[in-house]
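> Reading the sequence shown from the start, the letters are residues 133 to 457 in the working numbering.
Backbone N, C-alpha and C define an ideal beta-carbon position, used for all residues, glycine too.
For reference, the structure I am asking about is given below.
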Amino acid sequence: MFLALACTPCFSVVAATHPGQAALVKEVARDTGKSPQALNALLDQAKVQQGILDAISRPAEAKPWSAYRPIFLTDKRIDDGVAFYREHRALLERIGRQYGVPPQYIVAIIGVETFYGRVTGKYKVLDALVTLGFHYPKRATYFRQQLKTLLELPDSHLGGPVDTLTGSYAGAQGWGQFMPDSIRDYAVDEDGDGRIDLANSLPDILASVANYFAKHGWVAGGPVAARAQADGAAKALGDWTPKPQWPLEQLEAWGYAPVQRLDPGESSSLLTLDGANGPEHWFTFNNFYVITRYNRSPMYAMAVDQLAQAIKDGVGGADSADRMQ
């Protein structure tokens with residue numbers, strides 16, 4: 133998912149018809165039966181936004197962990213997450229039990245993504261996906277696919293007409309910042325009203341995040357990340373891999389000891405981050421990998437994990453948040 137940014141004043145121009153538009157319209161019309169004329173008229177409304185191209189070139193994930201963490205682990209974000217959990221405890225815990233995902237992680241996702249629904253993005257989704265799909269060669273294939281999916285989604289999966297939808301600079305929508313493919317594959321109509329509304333229906337919003345985690349293999353009761361202590365002779369390992377690759381006992385034999393009691397047979401990867409006081413070593417587990425399916429940055433996943441833990445601590449008590457963790 134892409135973190136929402138408010139739209140700042142930026143240069144925009146009406147998009148001249150891109151050579152790829154005809155092929156896209158042909159595919160969507162073939163797959164959905166929609167009118168090519170109507171599709172072209174819709175796409176012709178899009179404006180190429182220089183601000184979108186600028187924003188995607190400076191993502192927060194480009195910062196070191198020492199600068200990234202303070203963006204999301206603030207007293208305000210933690211306190212508001214605790215208050216949100218307490219206000220919606222019954223709904224959160226029901227959804228948590230239903231999908232096997234601890235409620236504090238559901239809350240942390242919307243806390244990191246949109247500050248609990250307050251900052252969902254002001255760019256027109258159509259502008260974002262046209263701009264990036266046709267004018268950002270580095271990832272044009274991905275964003276063109278998202279544009280195609282957006283045009284193919286049924287009305288019941290959208291919060292309004294396509295040309296009125298707003299979201300992040302990358303075209304992500306709602307409190308959980310779902311891209312069109314994720315809306316298609318993971319969003320759910322939890323409130324049973326026949327529509328998926330990721331902007332206004334809390335049951336739909338929270339259950340869709342939980343379903344995303346569940347479908348990507350979240351293990352109920354499994355660990356997410358744990359601090360590791362490296363000794364002076366610790367073996368230098370290669371780049372971190374999202375999927376766990378070694379049992380903890382092997383990493384410990386290489387000089388990385390857990391600072392808390394863990395199953396020595398638990399499969400893990402070793403992540404090193406640039407902390408404020410020097411390198412931080414972390415064991416990351418399957419559930420950490422699941423969070424990186426939401427956003428592939430390990431710093432994002434670590435921020436979600438630490439925010440979730442802070443929210444859990446703030447809520448307190450032996451509730452289902454503790455039992456599912």
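1. Can you have a look at Arg271 and say buried or exposed, based on whether 16 or more other CB atoms are within 10 angstroms of its CB?
2. Ignoring anything shorter than 4 residues, give me the alpha helix (DSSP H) runs that lie fully in the region 305-389, in order along the chain.
3. Between the alpha carbons of Tyr248 and Leu223, how many angstroms are there, rounded?
4. Applying the 10 Å Cβ sphere with the 16-neighbour rule, what's the burial state of Asn343?
5. Following the continuous alpha helix (DSSP H) through Thr164, name the residue where it begins and the one where it ends.
6. What residue range is occupied by the uninterrupted beta strand (DSSP E) comprising Val180?
7. Please classify Lys195: does DSSP put it in a helix, a strand, or coil?
8. Tell me the DSSP secondary structure of His220 in three-state form.
9. Assign Ala496 to buried or exposed, taking buried as 16 or more other Cβ atoms, counted over all protein chains shown, within 10 Å of its Cβ.
10. Following the continuous beta strand (DSSP E) through His289, name the residue where it begins and the one where it ends.
11. Would you mind sorting Gly292 into buried or exposed? The rule is 16 or more other CB atoms within 10 Å of its CB.
12. Run the CB neighbour count on Val391, radius 10 Å, all protein chains shown included, and call it buried at 16 or more, exposed below.
13. Mapping the DSSP letters down to three states, classify Thr404 as helix, strand or coil.
14. Pull up the distance between the alpha-carbon of Leu297 and that of Leu279, whole angstroms please.
15. Confirm, please, whether the CB-CB distance from Val214 to Gly446 is below 8 Å.
16. Reducing DSSP to helix, strand and coil, say where Phe204 ends up.
17. Between which two residues does the alpha helix (DSSP H) holding Pro234 run?
18. Please classify Pro168: does DSSP put it in a helix, a strand, or coil?
19. Counting only the same chain and skipping the five closest in sequence on each side, list residues whose C-beta sits under 6 Å from that of Phe143.
20. Ends of the alpha helix (DSSP H) at Pro430?
21. What is the DSSP secondary structure of Glu412, counted as helix, strand or coil?
22. Taking the alpha-carbon positions, what's the Lys208 to Arg201 distance?
Per the coordinate set shown:
1. Residue numbering aside, residue 271 sits at position 139 when the sequence shown is read from its first letter. Arg271 comes out exposed.
2. 312-318, 334-347 and 380-385
3. To locate residue 248, count along the sequence shown from 1; it is residue 116. To locate residue 223, count along the sequence shown from 1; it is residue 91. Distance between the alpha carbons of Tyr248 and Leu223 is about 15 Å.
4. By 1-based counting over the sequence shown, the position of residue 343 is 211. Buried, because 16 or more other Cβ atoms sit within 10 Å of the Cβ of Asn343.
5. To locate residue 164, count along the sequence shown from 1; it is residue 32. Where Thr164 is concerned, the enclosing alpha helix (DSSP H) stretches over Pro151 to Thr164.
6. In the sequence shown, counting from the first residue as 1, residue 180 sits at position 48. Note, Val180: beta strand (DSSP E), Lys179 to Gln181.
7. Along the sequence shown, read from residue 1 onward, the residue named residue 195 stands at position 63. Of the three classes helix, strand and coil, the one that applies to Lys195 here is coil, per DSSP.
8. Here the question's residue 220 lines up with position 88 in the sequence shown. Three-state DSSP puts His220 in coil, outside helix and strand.
9. Since the first residue of the chain shown is 133 and the last is 457, residue 496 is not available in this structure.
10. In the sequence shown, the residue the question calls residue 289 occupies position 157. First-last for His289: undefined, no H or E at that position.
11. As a position in the sequence shown, residue 292 is number 160, starting the count at 1. Exposed.
12. Mapped onto the sequence shown, residue 391 falls at position 259. Burial call: exposed.
13. The sequence position of residue 404 within the sequence shown is 272, counting from 1. In the structure shown, Thr404 sits in a strand (DSSP, three-state: E or B).
14. Walking along the sequence shown from the start, residue 297 turns up at place 165. Walking along the sequence shown from the start, residue 279 turns up at place 147. Answer to the nearest angstrom: the Cα atoms are 13 Å apart.
15. Working through the sequence shown from its first residue, we reach residue 446 at position 314. Working through the sequence shown from its first residue, we reach residue 214 at position 82. Cβ atoms of Gly446 and Val214: closer than 8 Å.
16. Translated into positions along the sequence shown, residue 204 becomes position 72. Here Phe204 sits in helix by DSSP.
17. Mapped onto the sequence shown, residue 234 falls at position 102. Here Pro234 belongs to no alpha helix (DSSP H), and DSSP marks it neither H nor E.
18. Counting from one through the sequence shown, the residue named residue 168 turns up at place 36. Pro168 falls in the helix class under three-state DSSP.
19. Mapped onto the sequence shown, residue 143 falls at position 11. Interpretation of Phe143 is limited by its pLDDT of 48, a score under 50 that renders its predicted location unreliable; the figure taken from the coordinates is listed afterwards. Gln182.
20. Looking up residue 430 in the sequence shown gives position 298. Unbroken alpha helix (DSSP H) run through Pro430: Pro430 to Val447.
21. Here the question's residue 412 lines up with position 280 in the sequence shown. DSSP places Glu412 in strand when its eight states are reduced to three.
22. Working through the sequence shown from its first residue, we reach residue 208 at position 76. Working through the sequence shown from its first residue, we reach residue 201 at position 69. Cα to Cα, the separation comes out at about 14 Å.
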